[in-house]
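Its first residue numbered 0, the first sequence is counted upward by one per residue in numbering that gives the first Met the number 0. Notes follow once the structure below has been shown.
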Amino acid sequence: MPELPEVEVVRAGIERWVSGRTVAAVEVLHPRAVRRHLAGPDDFAARLAGQRLGVARRRGKYLWLPVEPAAGGVPERAVLAHLGMSGQLLVQPQGSPDEKHLRVRVRFADAAATELRFVDQRTFGGLSLHETVADDPDGLPDVIAHIARDPVDPAFDDDAFHAALRRRRTTIKRALLDQSLISGVGNIYADEALWRTRLHYDRPTATLTGPRTAELLTHIREVLNEALAAGGTSFDSLYVNVNGESGYFDRSLDAYGREDEPCRRCGTPIRRRPWMNRSSYFCPRCQRPPRATA
DNA sequence: AAAATCTCCTGTCAGC
DNA sequence: TGCTGACAGGAGATTT
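Structural data, given as C-alpha cells:
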C-alpha cells in the first residue's frame, strides 16, 4: 500500500530524525526482514554498527540511507529499505514497548533518546546493506539500479517514457505498475491517474499518442503531489509516518475503493474488476474499454 | 526475450 | 462460535 507519497513522507521523517546519527547497535528480531541482505542478519548488524548515516534518499518506493565514507568522497554503501505492503519505519523513544511486529531495531550512539524501528506485519518489506552504483553522489544502491526514475524526479524523461510505451506490447496499467518503466506508482495511484485521464486500464500502450501520454503524466504528478500534501493515503493503521500518524488522502480518492459509489464527474457507479490478483476501479462511462482487446 | 503469472506473508471480514 | 475463503498487493522469481 505505501506508494511514492507515503514513502516520501517516511523519507522526510527519517531525514529529520535519523540522518547524521551514528549507529550503535542493530538488533534483527526476524531474519526475514533482512532477507535481501544475502550475508545474513549477523553480517547486517555487524557492518552497520559504528557507521554514520547520511541524508535519506528515495527513488520510487525505495528509500535508502547512504553510509558516510570515513575518508570523504561519495558513499560506497547504503542501507536500503522497502516497506512492501505493511512495513513501517518508526522513530520511537528508547524503552517504549516493542510493537507486535517489530522486526529490526537500530540504536544510536548519541544522547537523543530515540531509536529506529522497522515494523512489518506481512514481512514483504525489509532492510539490507548494499554497495552503491560507482560514483553516484546520492549513493544509489546497486540492487535498485534497474528501478526507473519516478515522475517527480526532475531527471525523469517524459519523451523516453512515451517511446517506451509505444514500443511495449502491453496495457497501460501494467505499464504504470512496471517499476522499470516508471517507479513510485502502485495500484491506488494508477487507478486515480487513469480516472483523471479518462483512460481504461486495459488500453494498449502502443495506441497512446504523445499528447495523451503527456496528459497522463500530468495527472500522475498531480495525484502524487496532492497525496503527498495530505500526508499520504491510509485505509487502516498500516501505513503511517515515522511518528505513527496516518495521512488523510483516502478522502480525496476518486476511483480506488469506491465500488458502486457515483463517479464524481458523471455520477455513474464506479466499478471494480478483478485484475492481476488485485482490483481495478474505474468509471465505466468516463473510461471506456478499448475496442479491440481480446 | 519480453510479457504474464506465481509467490511470499498475516490480518480482517463476509458468509455460513 | 468458529471455520473457510476472498482480499489486501509490491516486486523478485519463474514460466510461457
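Glycine included, each C-beta is placed from N, C-alpha and C at the ideal position.
Only residues of its own chain outside the window of five on either side were considered, and among them Arg-277 have a CB closer than 6 Å to the CB of Asn-186, listed in chain order. The C-alpha of Val-103 lies about 6 Å from the C-alpha of Leu-28.
Here Val-6 is near Leu-82, since their CB atoms are less than 8 Å apart.
For the 8 Å CB-CB criterion, Leu-47 and Val-25 form a contact.
Contact between Ser-179 and Ala-147 holds: CB atoms are separated by about 5 Å, below the 8 Å threshold. Per the coordinates, the alpha-carbon of Arg-284 lies some 15 Å from the alpha-carbon of Arg-257.
Taking the Cα of Val-105 as reference, the smallest distance to any Cα among Gly-209, Lys-99, Glu-114 and Arg-168 is reached at Glu-114. In this structure, Ile-181 places its C-beta atom within 8 Å of the C-beta atom of Pro-150. Going by C-alpha positions, Val-241 is about 6 Å away from Gly-12. Residue pairing by DSSP places Ser-279 opposite Arg-272 in a beta bridge. Residue nearest to Pro-40 within the set Lys-99, Ala-174, Arg-271 and Leu-126 is Leu-126 (criterion: CA-CA distance). By a beta-carbon distance limit of 8 Å, Leu-128 does not contact Glu-191. Their separation comes to about 34 Å. Residue pairing by DSSP places Pro-261 opposite Pro-268 in a beta bridge.
Taking C-beta atoms under 8 Å as the contact rule, Pro-65 and Gly-49 fail to qualify, at a distance of about 15 Å.
For the segment 85–119, there is no continuous alpha helix (DSSP H) assignment of 4+ residues that stays within its boundaries. For the options Val-9, Arg-76 and Gly-231, the alpha carbon positioned closest to that of Ile-143 is the one of Arg-76. Buried is the label assigned to Leu-164, since at least 16 other Cβ atoms lie within 10 Å of its Cβ. The C-alpha of Tyr-280 lies about 31 Å from the C-alpha of His-100.
Glu-14 is positioned such that its CB atom lies closer than 8 Å to that of Ala-55. For the pair Leu-62 and Leu-175, the Cα-to-Cα distance works out to about 19 Å.
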